[in-house]
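*Asks:*
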Amino acid sequence: MEERNVFPSCIAYREDGSMCRHPATILDTRRGGMVCAAHTPDHNEEHAALQHGKEQPSCP
């Protein structure tokens with residue numbers, strides 16, 4: 005049986021215009037969906053730091 009990603013994908017767009025699609029664990033109410041720690045907006049910064057440690061990773 006194939007193992008599948010159980011997390012929703014990040015709905016944010018990268019600088020090159022492509023969709024991020026990394027596992028998303030943070031609800032972004034302004035975007036209307038889930039985002040990864042790299043795309044967490046300022047209003048969710050504290051929440052992301054608690055979930056993902058002090059450093060927020062950059063999107064590859």
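Sequential numbering from 5 applies to the sequence shown in my numbering.
The C-beta atom is built at its ideal place from N, Cα and C for all residues, glycine as well.
Using a beta-carbon distance below 8 Å, is Ala28 in contact with chain D?
*Replies:* You won't find chain D in this structure, because it holds only one protein chain.
*Asks:* Who are the Cβ neighbours of Pro27 in its own chain at under 8 Å, not counting the five residues just before and after it?
*Replies:* Answer for Pro27: Asn9, Phe11, Pro12, Ser13, Cys14 and Cys40, listed in chain order.
*Asks:* For Leu31, which residues of its own chain have a beta-carbon under 7 Å away from its beta-carbon, when the five flanking residues on both sides are left out?
*Replies:* These residues qualify, in order along the chain: Met38.
*Asks:* Cα separation between Tyr17 and Met23?
*Replies:* Taking the straight line joining both Cα atoms gives about 4 Å.
*Asks:* Let me confirm a value: Thr33 is counted as buried when at least 16 other C-beta atoms fall within 10 Å, else exposed. Which label applies?
*Replies:* Thr33 should be labelled exposed.
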